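Enquirer:
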Amino acid sequence: MASFSTSQPLSLPRHPTFSNPKQPTTNNERSRHTISLIDRCSNLRQLKQIHAQMVRTGLLFDDPYSASKLFAISALSPFASLDYACKVFDQIPQPNSFTWNTLIRAHASGPDPARSILVFLDMVSDSQFGPNKYTFPFLIKAASEVSSSSLGRSLHGMAIKSSVGCDVFVANSLIHCYFSCGDLDSACKVFTTIQEKDVVSWNSMITGFVQKGSPDKALELFKKMESEEDVKASHVTMVGVLSACAKTQNLEFGKRVCRYIEENRVSVNLTLANAMLDMYTKCGSIEDAKRLFDAMEERDNVTWTTMLDGYAILEDYEAAREVLNSMPKKDIVAWNALISAYEQNGKPNEALLVFHELQLQKNIKLNQITLVSTLSACAQVGALELGRWIHSYIKKHGIRLNFYVTSALIHMYSKCGDLEKAREVFSSVEKRDVFVWSAMIGGLAMHGCGNEALDMFYKMQEANVKPNGVTFTNVFCACSHSGLVDEAESLFRDMESSYGIVPEDKHYACIVDVLGRSGYLEKAVKFIEAMPIPPSASVWGALLGACKIHANLSLAEMACTRLLELEPRNDGAHVLLSNIYAKSGKWESVSELRKHMRVTGLKKEPGCSSIEIDGTIHEFLSGDNEHPMCEKVYGKLNEVMERLKENGYEPEMSQVLQIIDEEEMKEQSLNLHSEKLAICYGLISTEAPKAIRVIKNLRVCGDCHSVAKLISQLYDREIIVRDRYRFHHFRNGQCSCNDFW
DNA sequence: GTAGGGTTAG
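What the first sequence shows, in full-length UniProt numbering, is residues 1 to 741, in sequence order.
1. Pop quiz: residue 766 and residue 98 are said to be a contact at Cβ under 8 Å. What is the actual Cβ separation, rounded to whole angstroms?
2. Is the segment 331-344 in contact with the segment 574-588, if contact means three or more CB pairs nearer than 8 Å?
3. For residue 187 and residue 206, which I take to be in contact (beta-carbon distance under 8 Å), what is that distance rounded to the nearest angstrom?
4. Quick one, are the C-beta atoms of residue 43 and residue 79 less than 8 Å apart?
5. By DSSP's criteria, residue 696 is part of a beta bridge. Which residues make up the other side?
6. Count the other CB atoms within 10 Å of the CB of residue 644; is the residue buried (16 or more) or exposed (fewer)?
7. Output the distance between the C-alpha atoms of residue 676 and residue 463, rounded to the nearest integer angstrom.
8. Would you mind working out which of 274, 272, 289 sits nearest residue 280, comparing C-alpha positions?
9. I believe residue 674 touches residue 620 by the beta-carbon criterion, under 8 Å. Please report the beta-carbon distance rounded to the nearest angstrom.
10. Hey, how far is the Cα of residue 163 from the Cα of residue 192?
11. In three-state terms, what does DSSP make of residue 231?
12. Return the residue from the list 318, 245, 150 that minimises the CA-CA distance to residue 284.
13. Given this structure, state the Cα-to-Cα distance separating residue 374 from residue 352, to the nearest angstrom.
14. Under 8 Å by Cβ, that's how I've got residue 692 and residue 683 pegged, so tell me the actual separation to the nearest angstrom.
15. Which of helix, strand or coil does DSSP assign to residue 596?
16. Going by the DSSP bridge assignment, what does residue 616 pair with across the sheet?
17. How many Å lie between residue 149 and residue 120 at the Cα?
18. Suppose contacts are defined by Cβ-Cβ distances below 8 Å. Is residue 360 in contact with residue 405 by that definition?
19. I'd like to confirm the pairing. Which residues does DSSP put opposite residue 721 in its beta bridges?
20. Considering only residues of the same chain and omitting the five flanking positions on each side of residue 501, which have a CB-CB separation below 8 Å?
21. What are the uninterrupted segments assigned as beta strand (DSSP E) that are 3 or more residues long and contained completely in the segment 20-52, given in chain order?
22. Helix or strand or just coil, what does DSSP make of residue 621?
23. Starting from residue 126, trace the alpha helix (DSSP H) both ways and give me its first and last residue.
24. Please report the residue range of the alpha helix (DSSP H) in which residue 69 lies.
25. Beta-carbon separation of residue 483 and residue 516 under 8 Å?
26. Which full runs of the alpha helix (DSSP H) of 4+ residues lie inside the UniProt repeat "PPR" (198-228), going along the chain?
27. According to DSSP, is residue 368 part of a helix, a strand, or is it coil?
28. To test your reading of the DSSP string, which unbroken beta strand (DSSP E) runs of 3 or more residues are found completely within the segment 499-578?
29. Taking DSSP's pairing of strands, which residues face residue 735 in a bridge?
30. In whole angstroms, what is the alpha-carbon distance linking residue 274 and residue 306?
31. Taking all protein chains shown into account, do 16 or more other C-beta atoms lie within 10 angstroms of the C-beta of residue 21, making it buried, or fewer, making it exposed?
32. Does DSSP classify residue 741 as helix, strand or coil?
33. So, with DSSP's three-state summary, where would you put residue 242?
34. Which class does residue 689 belong to by DSSP, given the choice of helix, strand or coil?
35. Can you tell me which of the three DSSP states residue 363 falls into?
36. Whose C-beta lies closer than 8 Å to the C-beta of residue 62 among residues of the same chain, with five residues either side of it excluded?
Here you go:
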């Protein structure tokens, strides 16, 4: 096929006055010749040359066909420019139906799909043309793009009135539209009304179900489609079906689909090959994936990223890294895949290392997904300074605070101990979805602002945002940390009946925690007995935790037994029970339990506290001698302890009583607790009035809690400690938890 | 004398 090189002069039809004998002379010939030239254009520059000639010769104004051809190419071709196309459109004296439809079509898939509706209104008022069967699919596409079901329904009605409601193209667009708006019922209704369903009708249904979280229904439909003889599956069908297999992790069916593709000679393009690859990786069959990957003749970044993700699913980070390294053109999506793999598998430090490496890359721009994953990693490790840096990066680069970014910022600030900043972000946005509200409620919960969290919960409903399961978890958590028993109980009762949310295991655990913490142990047990689902380890864990607070030995033994039946290697449960035994003076049981732990090789997770100084996270283990500054830290610790004792501090020996054997003596020795070391390091490395922020992996111990209160008073420093469950703000000798934790 | 709907990864 002939194509232009930019240096070649264009042979254009001349105006009759200047025509040479070889050039076409009649209008009809000029029109055909111009159309064939337009068809051969490969860039906007060539198109503009033809445009200029058409203006000069007047063809643009006289010949609707070549004019609409010029316009269609300028609006829809791979080198299209919508702005330019609109200018061309304005020059056409009397656009015909085709031209109007093309403009609507171009807008529908452009940056502002709603404009196509405005164009449609112009067409109805300014031209003699009404919408036809071609118009509706474009308009409906625009409705899908903006996810407006009311618009979709209006167009549906208009299509019926215009007698094209039964057109299969119109119906298929409607199916797609209703799915994008989440109106699955209407989509199904349209589908059943189509007399002669074609492959696209089926595909729209299959992919609709896959994308709206019902992959099982998609597979069912595919089986039904297979049994109907008149429609043959296409490669698009296969992409949808494979995606359903990936989502349901149905490797067996996935493999059958791959065989089907071979046997039925379905054409395998890159998209379909990638979908096959995705199915293999999501179903955990990395061998099949690797075989396919090696055999693929063409690969794009989707291929590479799918492979990377496949290794990340298996937590083979080295292999995942290897894939990233081998990528010919690394893009932000691939980097994001590695960062979020680490972040979501509890490896936030590794995620942050990858993020730092990414920042050194040239020509790769961070996007919202990068920021969300990294903020989440910051939240996990308490990297407030990096979190702040990302926030200013967002402001500096004018990155839009969408719901994800907003929630991630609120979550990061809350988990890093800066509740005020979290509140600021929350108030700064105009629109909030359920995740934004839930993040704020969760933040208030972990900082012990129970009543405020409940207020938020009601404000959220005033704003017409429906709570979800996460919202309830956070609300119950808030009740638990603030002892709001009645409120939690009543909300739990309403959860299903008024809010339509079926309580899950974590909600039951929360309520057990609320009841147990406040001392209603019997009530908590009755609550567990009445559960409609089998109680999980976290339910028993909540009861066990309450037994420790209220020193209920017999109940603790029961809860612990049940917990260990479900999670035999739960080190926390062993330690908790042993501490309860110790508190009750049952030393024989203690040593038995500890012996059992030694024999089974079960180790207590070592206490670890971290503190961020100038963007670097410093970690301290109990009795740590690893930190380069440890001598100074211990020096400071001695000085602090002396000063505290002078002011009436007495170590809480009940905490020491839990020491079991020699080896643990060192770790458990009160003065060596990791949170004390981290706080002392904070005292040395920062100046007042800067708050000292410490993050501990376990619960803060009672003695450390008292010490932190005293330090906050005697040294006039705000100390903020995040433990496994919540925050403690120490100020002027008081803690925000009111010693209730 | 032009045309239209459905496609994977984060």
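Even for Gly, the Cβ is constructed at its ideal location relative to N, Cα and C.
Because the structure is a prediction, the values reported are computed rather than measured.
Expert: On the basis of the coordinates in this document:
1. Since the first and last residues shown for the chain are 1 and 741, residue 766 lies out of range.
2. no
3. Start at 1 with the first residue of the first sequence, and residue 187 comes out as number 187. Start at 1 with the first residue of the first sequence, and residue 206 comes out as number 206. With 8 Å as the limit, residue 187 and residue 206 do not qualify as a contact, their Cβ atoms being about 12 Å apart.
4. Taking the first residue of the first sequence as position 1, residue 43 is located at position 43. Taking the first residue of the first sequence as position 1, residue 79 is located at position 79. Result yes, Cβ atoms of residue 43 and residue 79 sit closer than 8 Å.
5. For the purposes of this step, residue 696 is identified with residue 696 of the first sequence, where counting begins at 1. 609, per the DSSP bridge assignment.
6. Here residue 644 corresponds to residue number 644 of the first sequence, with the count starting at 1. By the 10 Å Cβ count, residue 644 comes out buried.
7. Counting from 1 along the first sequence, the entry for residue 676 is found at position 676. Counting from 1 along the first sequence, the entry for residue 463 is found at position 463. Their Cα atoms are separated by approximately 44 Å.
8. Counted from its first residue, the first sequence places residue 280 at position 280. If we check each option's Cα against that of residue 280, 289 comes out closest.
9. For the purposes of this step, residue 674 is taken as the residue at position 674 of the first sequence. For the purposes of this step, residue 620 is taken as the residue at position 620 of the first sequence. About 5 Å separates the two Cβ atoms, so the contact holds.
10. Here residue 163 refers to the residue found at position 163 of the first sequence. Here residue 192 refers to the residue found at position 192 of the first sequence. Computed Cα separation, rounded: 18 Å.
11. Translated into the one-based positions of the first sequence, residue 231 becomes position 231. Coil at residue 231, not helix or strand.
12. Counting from 1 along the first sequence, the entry for residue 284 is found at position 284. Comparing Cα positions, the closest option is 245.
13. By 1-based counting over the first sequence, the position of residue 374 is 374. By 1-based counting over the first sequence, the position of residue 352 is 352. When rounded, the distance between both Cα atoms is 7 Å.
14. As a working mapping, residue 692 is identified with position 692 in the first sequence. As a working mapping, residue 683 is identified with position 683 in the first sequence. Rounded, the Cβ-Cβ distance is 7 Å, consistent with contact.
15. By 1-based counting over the first sequence, the position of residue 596 is 596. Correct three-state label for residue 596: helix.
16. Translated into the one-based positions of the first sequence, residue 616 becomes position 616. DSSP output for residue 616 lists 613 as bridge partner(s).
17. Taking the first residue of the first sequence as 1, we reach residue 149 at position 149. Taking the first residue of the first sequence as 1, we reach residue 120 at position 120. Between residue 149 and residue 120, the C-alpha separation is close to 18 Å.
18. As a first step, residue 360 is located in the first sequence; it is residue number 360 there, counting from the start. As a first step, residue 405 is located in the first sequence; it is residue number 405 there, counting from the start. No, they are not a contact pair.
19. In the first sequence, the residue the question calls residue 721 occupies position 721. DSSP lists 694, 728 as partners of residue 721.
20. Working through the first sequence from its first residue, we reach residue 501 at position 501. So the list reads 467, 468, 469, 472, 495, once near-sequence residues are dropped.
21. none
22. On the first sequence, position 621 is the one that residue 621 refers to. Looking at residue 621 - three-state DSSP - the assignment turns out to be strand.
23. Taking the first residue of the first sequence as 1, we reach residue 126 at position 126. Where residue 126 is concerned, the enclosing alpha helix (DSSP H) stretches over 115-126.
24. Residue numbering aside, residue 69 sits at position 69 when the first sequence is read from its first letter. 64-76 is the extent of the alpha helix (DSSP H) around residue 69.
25. As a first step, residue 483 must be located in the first sequence, where it is residue number 483. As a first step, residue 516 must be located in the first sequence, where it is residue number 516. Not closer than 8 Å, so no.
26. 199-211, 215-227
27. In the first sequence, residue 368 corresponds to position 368, counting from 1. In this structure, residue 368 counts as helix in the three-state DSSP scheme.
28. none
29. Here residue 735 refers to the residue found at position 735 when the first sequence is read from its first residue. Answer is 730, bridged to residue 735.
30. By one-based count along the first sequence, residue 274 stands at place 274. By one-based count along the first sequence, residue 306 stands at place 306. The straight-line gap from Cα to Cα measures roughly 8 Å.
31. Looking up residue 21 in the first sequence gives position 21. Confidence at residue 21 is low in this model, with a pLDDT of 44, below 50, so its placement is unreliable and no value can be given for it.
32. In the first sequence, the residue the question calls residue 741 occupies position 741. Residue state, collapsed to three classes: coil.
33. Counting from 1 along the first sequence, the entry for residue 242 is found at position 242. In this structure, residue 242 counts as helix in the three-state DSSP scheme.
34. The residue you call residue 689 lines up with position 689 of the first sequence. In this structure, residue 689 counts as coil in the three-state DSSP scheme.
35. Locating residue 363 in the first sequence gives position 363, counting from the first residue. Residue 363: coil per DSSP, three-state reduction.
36. As a working note, residue 62 is residue 62 in the first sequence. These residues qualify, in order along the chain: 27.
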